[in-house]
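These notes are about the structure you will find just below.
In the numbering used here, the protein residues as written are 4 to 340.
What follows is the structure in structure tokens.
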């Protein structure tokens, strides 16, 4: 009887271990799998500012993706990174609040650290290195061993940033991917569209200037969109990979080839409602950190990427608004200096 009980327990443990391994091999919650598509632009995707991504005659291939259903939280971000200015109580401080005061360069650091920690190929390299600790001028956090942030002058120091599209690691979405996700894209963009991601009512899906009480909120308090992604409108604006620039029929899948600012999408807690619209575009210098700016991550589904690389110069004047990687990246406590 004892032997039978022992064997039953062992079998249960083996099943549990195998189930855990299967979950890790795929992507468990909180990521949603969406199918890509070739999207041809149309006037139906336009906005009142006549500045939109899916314009007529532009064809964009969207890869199949794993998409985080929430914006990167402070506890997630602080595993690998620290802040120049830490989150404050008035705006929203706590492990489940979205990370903010994060520059575009900081987000690149986070993506690579997370990729390597999970045994994935990093999507980004800076001046030939995929290890953020070796990125030029990367700042080690004084009170958090093994954690880093981007230097304030990364625009000048990071002279060559390369995006490896065939990598299976975590990354920022492209602007076209972001809007595809916001529109509920899954094997194509649904015919019936809404003004905001998942609704024609901003209040039902977003925290913005009129309803946020001038503060960020924890994820998933508002309605998700049709593919179960939360907070695509409002709360914090989300960085995308792309340079901000004019979109034409010849613009590639990764947006403009160069520029001074990087794309932000979705609007934030302090935004006017028009910036929460699904097609609204915004931008910021990549070294800037603001209380209304954070990010979410995606992954290209292995075997379905385009297998290309895209290089980007450091760019911008910042005037306004290889080797083994990441050992000990989430050790220690405390996220700011």
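Beta carbons are placed, not taken as given, at the ideal position from N, Cα and C, and that holds for glycine.
In this text the structure is predicted, and so the values were computed from the model without any measurement.
**Asked** Taking the DSSP output, what are the residues bridged to residue 142?
**Response** 152
**Request:** Could you check what DSSP says for residue 198 in three-state terms: helix, strand or coil?
**Result:** coil
**Prompt:** When the Cα of residue 213 is compared with those of 278, 228, 154, which residue comes out closest?
**Reply:** 278
**Prompt:** In the DSSP assignment, what residue or residues form a beta bridge with residue 296?
**Reply:** 240
**Assigned secondary structure, residue 37 (DSSP; H/G/I helix, E/B strand, else coil)** = strand
**Asked** Which first and last residues belong to the beta strand (DSSP E) in which residue 302 is found?
**Response** 301-303
**Asked** From residue 102 to residue 88, what distance separates their C-alpha atoms?
**Response** 11 Å
**Request:** List the endpoints of the continuous beta strand (DSSP E) containing residue 182.
**Result:** First-last for residue 182: 178-185, but that is the alpha helix (DSSP H), not the beta strand (DSSP E).
**Request:** List the DSSP bridge partners of residue 209.
**Result:** 236
**Message:** Is it buried or exposed, residue 64, if we count other Cβ atoms within 10 angstroms and call 16 or more buried?
**Reply:** exposed
**Prompt:** Which whole-angstrom value describes the C-beta separation of residue 296 and residue 225, a residue pair presumed to lie in contact below a C-beta threshold of 8 Å?
**Reply:** In fact, because the Cβ distance is near 19 Å, the residues do not count as touching under 8 Å.
**Request:** Quick one: grab the DSSP three-state call for residue 67.
**Result:** coil
**Item:** Range of the contiguous beta strand (DSSP E) that encloses residue 285
**Value:** 284-287
**Prompt:** Are the stretch 117-137 and the stretch 161-169 in contact at 8 Å, needing three or more beta carbon pairs?
**Reply:** yes
**Request:** Find the nearest neighbour of residue 341 within the set 245, 110, 263, judged by alpha-carbon distance.
**Result:** Any question about residue 341 goes unanswered here, given that the chain covers just 4 to 340.
**Message:** Assuming contact is defined by CB atoms lying nearer than 8 Å, are residue 282 and residue 80 in contact in what I supplied?
**Reply:** no
**Message:** Counting C-beta neighbours from all protein chains within 10 Å, is the total for residue 216 16 or more, i.e. buried, or is it exposed?
**Reply:** exposed
**Message:** Using the three-state DSSP reduction, which class does residue 84 fall into: helix, strand or coil?
**Reply:** strand
**Start-to-end residues for the beta strand (DSSP E) that takes in residue 127** = 127-129
**Request:** Might you give, ordered along the chain, the residues of its own chain that have their beta carbon closer than 6 Å to the beta carbon of residue 157, omitting 5 neighbours on each side?
**Result:** 108, 290
**Message:** Please classify residue 323 as buried or exposed, where buried requires at least 16 other C-beta atoms within 10 Å of its C-beta.
**Reply:** Because the pLDDT at residue 323 is just 32, under 50, the model does not fix this residue reliably, and the point stays unresolved.
**Close-in-space but distant-in-sequence residues of the same chain around residue 313 (CB under 6 Å, 5 per side omitted)** = Note on residue 313: pLDDT 42, under 50, position unreliable in the model; no value is reported.
**C-beta atoms of residue 83 and residue 150 nearer than 8 Å** = yes
**Buried/exposed call for residue 280, threshold 16 Cβ in 10 Å** = buried
**Request:** Please go through the same chain and pick out, in chain order, the residues whose beta-carbon is closer than 8 Å to the beta-carbon of residue 230, but skip the five residues on each side of it.
**Result:** 35, 37, 70, 184, 187, 188, 189
**Asked** By a C-beta neighbour count over all protein chains shown, 10 Å radius and 16 as the cutoff for buried, is residue 122 buried or exposed?
**Response** exposed
**Request:** Please name the residue in 144, 206, 111 whose C-alpha comes closest to that of residue 135.
**Result:** 111
**Item:** Span separating the alpha-carbon of residue 238 from that of residue 208
**Value:** 10 Å
**Chain-order list of residues whose beta-carbon lies under 6 Å from that of residue 28 (same chain, five-residue window excluded)** = With a pLDDT of 41 at residue 28, under the threshold of 50, the predicted position of this residue should be treated as unreliable, and no value is reported.
**Message:** Going by C-alpha to C-alpha distance, which of 242, 98, 76, 222 sits closest to residue 182?
**Reply:** 242
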